[in-house]
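*Asks:*
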Amino acid sequence: MRSPFARDDTKRAAELRQAGEAASAPFGELVAEAERIAASVMMGVHGQRRRGLGETFWEYRHHRSEDGAAAVDWRMSAKSADLYVRENEQESANTVWLWRDGSATMDFSSSRNLPLKKDRAAVCMIAMAALLSRGGERIAVLGESARARSGELGLERTSLRLASGPGSLASVEAAPISRYGRVVLASDFLDPIETWRSRLSRYAAMQAGGALLRIIDPMEEDFPFKGRTKFESVDDREHLLFGRAEEARKAYRHRWQEHGDRLAELARAYGWTLVTHRTDRPATQAVLALYRALAREV
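Residues in the sequence shown are numbered from 1 upward in steps of one, following UniProt numbering.
The structure is reproduced here in structure tokens:
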């Protein structure tokens with residue numbers, strides 16, 4: 001006689017498998033879309049000379065406080081009153097750190113026909129990961145990967161984290177990266193410009209280059225509202241009520257444009273590239289722009 005516990009275990013296993021397949025379905029769809037995008041983007045040229053961790057001498061530079069005493073080249077430093085660090089040419093693959101914002105403002109879409117900002121950001125970042133991995137780069141998710149990896153294993157793990165990871169802002173603010181690495185941040189960048197200036201300043205100290213992918217929903221840019229309209233914050237703790245929303249359109253669009261212009265200026269100040277992408281437009285355009293931006297840095 002078969003034990004009833006065996007039937008219960010079998011049923012439970014089937015339920016768990018069904019739940020797991022349902023939970024992973026969106027991930028599979030995101031990856032499939034990203035792969036289609038990556039396949040349509042022409043890859044640039046890799047392997048050019050960069051400062052890094054190789055063994056071939058590149059140049060001397062002045063010592064900085066964050067380098068520590070161990071980095072000082074004492075033979076060169078003894079020839080002058082200054083401290084110097086010996087930099088070498090990078091001979092291994094470059095490292096690119098990817099990040100997809102998981103904030104509440106990214107969990108938004110103004111239409112059923114448009115993706116969530118979070119999902120579009122994930123698709124673009126996974127497509128970038130695929131392109132970079134195929135080009136021999138090491139890739140990692142900022143604050144979520146134990147170490148950067150290359151090849152299929154690196155792509156698989158990176159894709160999973162980009163699709164379903166928390167995307168914490170703490171990762172942007174404090175997660176360690178390698179010196180001279182490259183960073184791609186995907187967000188709506190709605191926080192104040194000074195907040196983002198503070199976040200990006202640490203990458204400048206690490207001499208890391210990169211790009212910002214600004215994901216916006218068309219409603220956020222167009223402000224199509226008319227008549228009596230109530231606007232609520234993402235946590236439902238604050239709201240604004242307009243009797244005639246169209247009267248606020250001009251002022252809103254001015255502030256929106258000003259924020260975008262200041263974000264572009266911030267990116268340029270650090271030698272980065274800003275790519276703005278609306279979710280009602282093909283993701284291929286954004287991925288191609290990002291990839292070209294990174295290729296120019298090499």
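Positions of the beta carbon are idealized from the N, C-alpha and C atoms, including for glycine.
Remember, predicted model here, so these are calculated numbers, not experimental data.
When the Cβ atoms of the segment 94-109 are set against those of the segment 130-149, are three or more pairs found closer than 8 Å?
*Replies:* Yes: at least three Cβ pairs fall under 8 Å.
*Asks:* From the DSSP output, read off the bridge partner residues of H62.
*Replies:* Working through the sequence shown from its first residue, we reach residue 62 at position 62. Note: H62 sits in a beta bridge opposite Y84.
*Asks:* Can you list, in chain order, the residues of its chain with a C-beta nearer than 6 Å to that of L200? Leave out the 5 residues immediately preceding and following it.
*Replies:* Taking the sequence shown and counting its residues from 1, the one referred to as residue 200 is at position 200. Cβ within range, chain order: Y270.
*Asks:* Rounding to the nearest angstrom, what Cα-Cα distance links G165 and E194 in this structure?
*Replies:* The residue labelled residue 165 in the question sits at position 165 within the sequence shown. The residue labelled residue 194 in the question sits at position 194 within the sequence shown. Looking at the two C-alpha atoms, the distance is approximately 26 Å.
*Asks:* How many angstroms separate the CA atom of E258 from the CA atom of H277?
*Replies:* The count along the sequence shown starts at 1 and reaches residue 258 at position 258. The count along the sequence shown starts at 1 and reaches residue 277 at position 277. Straight-line Cα distance between these residues: approximately 17 Å.
*Asks:* According to DSSP, H277 sits in a beta bridge with which residue or residues?
*Replies:* Residue mapping note: residue 277 aligns to position 277 of the sequence shown, counting from 1. In the DSSP output, where bridge partners are listed per residue, H277 has I215.
*Asks:* Mind the definition here: the segment 151-160 touches the segment 184-193 only if three or more C-beta pairs lie below 8 Å; say whether that holds.
*Replies:* No: fewer than three Cβ pairs fall under 8 Å.
*Asks:* Considering only residues of the same chain and omitting the five flanking positions on each side of A34, which have a CB-CB separation below 6 Å?
*Replies:* Along the sequence shown, read from residue 1 onward, the residue named residue 34 stands at position 34. Hits under 6 Å: V123, I126, A127.
*Asks:* Taking all protein chains shown into account, do 16 or more other C-beta atoms lie within 10 angstroms of the C-beta of A293, making it buried, or fewer, making it exposed?
*Replies:* For the purposes of this step, residue 293 is taken as residue 293 along the sequence shown, with counting starting at 1. Buried is the call here.
*Asks:* Following the continuous alpha helix (DSSP H) through W256, name the residue where it begins and the one where it ends.
*Replies:* Mapped onto the sequence shown, residue 256 falls at position 256. That run of the alpha helix (DSSP H) goes 249-269.
*Asks:* Taking the alpha-carbon positions, what's the V275 to K79 distance?
*Replies:* Reading the sequence shown from its first residue, position 275 is the one you call residue 275. Reading the sequence shown from its first residue, position 79 is the one you call residue 79. Going by the C-alpha atoms only, they are around 46 Å apart.
*Asks:* Once you ignore the five residues that flank N113 on each side, which residues in its own chain have a CB closer than 8 Å to its CB?
*Replies:* Here the question's residue 113 lines up with position 113 in the sequence shown. Around N113: no qualifying Cβ.
*Asks:* What first and last residue would you give for the alpha helix (DSSP H) that runs through W196?
*Replies:* Taking the sequence shown and counting its residues from 1, one reaches residue 196 at position 196. That run of the alpha helix (DSSP H) goes 193-205.
*Asks:* Does the beta carbon of E194 sit closer than 8 Å to a beta carbon anywhere in chain C?
*Replies:* Absent from the structure: chain C. Only one protein chain is present.
*Asks:* For the segment 210-223 against the segment 248-265, are there 3 or more C-beta pairs whose distance is under 8 Å?
*Replies:* A contact exists between the segment 210-223 and the segment 248-265.
*Asks:* How should W272 be labelled, buried or exposed, when 16 other C-beta atoms within 10 angstroms of its C-beta is the threshold for buried?
*Replies:* Here residue 272 refers to the residue found at position 272 when the sequence shown is read from its first residue. With 16 or more Cβ atoms within 10 Å of its Cβ, W272 is classed as buried.
*Asks:* Since A140 sits in a beta bridge, which residues does DSSP pair it with?
*Replies:* For this step, residue 140 is matched to residue 140 along the sequence shown. According to DSSP, A140 bridges with W97.
*Asks:* What first and last residue would you give for the beta strand (DSSP E) that runs through V123?
*Replies:* Here residue 123 is taken as the residue at index 123 of the sequence shown, counted from 1. Careful: V123 lies outside any beta strand (DSSP E), inside the alpha helix (DSSP H) at 117-134.
*Asks:* So what does DSSP say about S178, is it helix, strand or coil?
*Replies:* Here residue 178 corresponds to residue number 178 of the sequence shown, with the count starting at 1. Of the three classes helix, strand and coil, the one that applies to S178 here is coil, per DSSP.
*Asks:* Which two residues bound the contiguous alpha helix (DSSP H) that contains L163?
*Replies:* By one-based count along the sequence shown, residue 163 stands at place 163. Looking at the sequence provided, one finds Ala at residue 163 rather than Leu. Taken as a continuous stretch (DSSP letters only), the alpha helix (DSSP H) holding A163 covers 151-164.
*Asks:* Our contact map puts S171 next to G143 with C-beta atoms below 8 Å; I'd like the distance itself, whole angstroms only.
*Replies:* Translated into positions along the sequence shown, residue 171 becomes position 171. Translated into positions along the sequence shown, residue 143 becomes position 143. Sure, about 2 Å apart at Cβ, within 8 Å.
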